[in-house]
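**Student:**
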Amino acid sequence: MGNLEPVGFKPASLPYLGRFAPSPTGAMHFGIARTALIAWLDARTHRGKLLLRIEDLDTPRVIPGSAEDIQHDLRWLGLEWDGPPSYQSQRNPLYKRALLQLQEQDLIYPCTCSRKEIRESSAPHGAADDGPRYPGTCRQGARSRPGRTPSLRFRTPEQHLVEHVDRRVGYIKQDVNHRVGDFVLRRADQLWAYQLAVTVDDLDQGITCIVRGEDLLDSTPRQMLLRKTLQPLSPPMETLHVPLMLDVDGRRLAKRAHSYSIAEARSHGQPPEMIIGQLAASLGLLPHAKPIRPQELLPRWQAQLSENT
Ligand code: GLU
Ligand code: ZN
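Numbering follows the working numbering, in which position 122 of the sequence shown is assigned residue number 157; successive positions increment by one, without gaps.
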């Protein structure tokens, strides 16, 4: 298991309501479990609550049974959440309402560009983590293309800087229009885009603290922007973006690539306490991996917080 530098971060300052939001697209690997462990430790240390949200909107990637397996793995590891889990696939009306609101504000437009066209017309400088900047081709009206269902894009403000302070990474800023351009809220395949669903859910559920992998740091300004647009008086929200776990070759553990899953470890007879111990050691919470329960790590997490106040 590839190790990482210890995670240093600041305590949350808001009344704590967190969520852990896995996508049920495969077996839970160690990287996801580690993020779940941090979300759990962080919520418990702040005497807050932790919700479980199953992000099952990307139906072509959802694997049947995976949502149940994730819940089983979390319980087995001792990472209990509060209340019943929510499923994004059951929250369609909420996303629709948000889209309508944005449509009424004239902040949505259809786009019929193909990926290839966007890649070819995008300036080389701007690019988000998840693709080239959208150059705004359809802003003034999409070319009609028989047989092609448009995606719906959010009209991002120009010359507008989104600023945010992450509890671990610190201050970040981004001009969303400049970096990603107008981004998709409803995909051409008629699925809700992650950015819309996650923002609506975090608002609707009153989440005050997000813990997730730092691959999503680049998405945060988009979500903050949407959040302010949907609800100008929205309460503040804190984030803690944690490092992704790397394999021995320094590559990131991806759930789609072949990486060791919690279920596999279990089937090889590893007890949950040993896995928790390995995860804790890789976070610098223990000098060496040894069997331990999540509760026993709470003082260590607390100590990390205090170090950074
Ligand atoms: N569902 C996303 C994932 O599993 C996480 C989304 C989030 O925490 O905002 O990568
Ligand atoms: Zn377009």
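In this text, a Cβ means the ideal position worked out from N, Cα and C, and glycines have one as well.
Around the Cβ of Pro-278, are there at least 16 other Cβ atoms within 10 angstroms (buried) or fewer (exposed)?
**Tutor:** Classification of Pro-278: buried, given that the 10 Å Cβ count is 16 or more.
**Student:** Output yes or no for whether 9 Å exceeds the beta carbon distance between Leu-72 and Ile-242.
**Tutor:** No, they are not a contact pair.
**Student:** Cβ of Ser-58 within 8 Å of any heavy atom in the ligand GLU?
**Tutor:** For the ligand GLU, at least one heavy atom lies less than 8 Å from the Cβ of Ser-58.
**Student:** Can you find a heavy atom of the ligand ZN that lies under 8 Å from the Cβ of Tyr-122?
**Tutor:** Result no, Cβ not under 8 Å from the ligand ZN.
**Student:** For the ligand ZN, I want to know if Leu-153 counts as a neighbour, meaning its beta carbon is within less than 8 Å of at least one of the ligand's heavy atoms.
**Tutor:** Note that residue 153 is Ile in the sequence shown, not Leu. Within the cutoff, so yes.
**Student:** Please report the residue range of the beta strand (DSSP E) in which Glu-273 lies.
**Tutor:** Where Glu-273 is concerned, the enclosing beta strand (DSSP E) stretches over 273-277.
**Student:** Quick one: does the C-beta of Leu-251 sit closer than 8 Å to a heavy atom of the ligand GLU?
**Tutor:** Checking every heavy atom of the ligand GLU against the Cβ of Leu-251, one is found closer than 8 Å.
**Student:** Can you look up Gln-209 in the DSSP assignment and give me helix, strand or coil?
**Tutor:** In this structure, Gln-209 counts as strand in the three-state DSSP scheme.
**Student:** What are the uninterrupted segments assigned as alpha helix (DSSP H) that are 4 or more residues long and contained completely in the region 217-278, given in chain order?
**Tutor:** Listed in chain order, they are 229-239 and 255-265.
**Student:** Mind the definition here: the region 94-112 touches the region 209-222 only if three or more C-beta pairs lie below 8 Å; say whether that holds.
**Tutor:** With a cut-off of 8 Å, the region 209-222 and the region 94-112 do not count as touching, because too few Cβ pairs lie within range.
**Student:** What are the partner residues of Tyr-122, as DSSP defines its beta bridges?
**Tutor:** Beta-bridge pairing links Tyr-122 to Ile-89.
**Student:** Among the candidates Pro-99, Gly-171 and Arg-188, whose CA atom is the shortest distance from the CA of Gly-61?
**Tutor:** The shortest C-alpha separation from Gly-61 is found at Pro-99.
**Student:** What's the C-alpha gap between Thr-184 and Asn-343?
**Tutor:** One C-alpha to the other measures close to 50 Å.
**Student:** Going by CA-CA distance only, name the one from Ile-310, His-323 and Pro-334 that's closest to Arg-69.
**Tutor:** With distances taken between Cα atoms, Arg-69 lies closest to Ile-310.
**Student:** Please classify Thr-255: is it buried, with 16 or more other beta-carbons within 10 angstroms of its beta-carbon, or exposed?
**Tutor:** By the 10 Å Cβ count, Thr-255 comes out buried.
**Student:** With the cut-off set at 9 Å, would you say Pro-307 and Gly-113 are in Cβ contact?
**Tutor:** Yes; because the gap between Cβ atoms is below 9 Å, this pair is in contact.
**Student:** With burial defined as no fewer than 16 other Cβ atoms inside 10 Å of the residue's Cβ, what is the status of Tyr-169: buried or exposed?
**Tutor:** Result: buried.
**Student:** Taking only the alpha-carbon atoms, compute the straight-line gap between Tyr-206 and His-199 and give it to the nearest angstrom.
**Tutor:** For Tyr-206 and His-199, the distance between alpha carbons rounds to 6 Å.
**Student:** Excluding five sequence neighbours on each side, which residues of the same chain lie with their C-beta closer than 6 Å to the C-beta of Ser-58?
**Tutor:** The residues are Glu-90.
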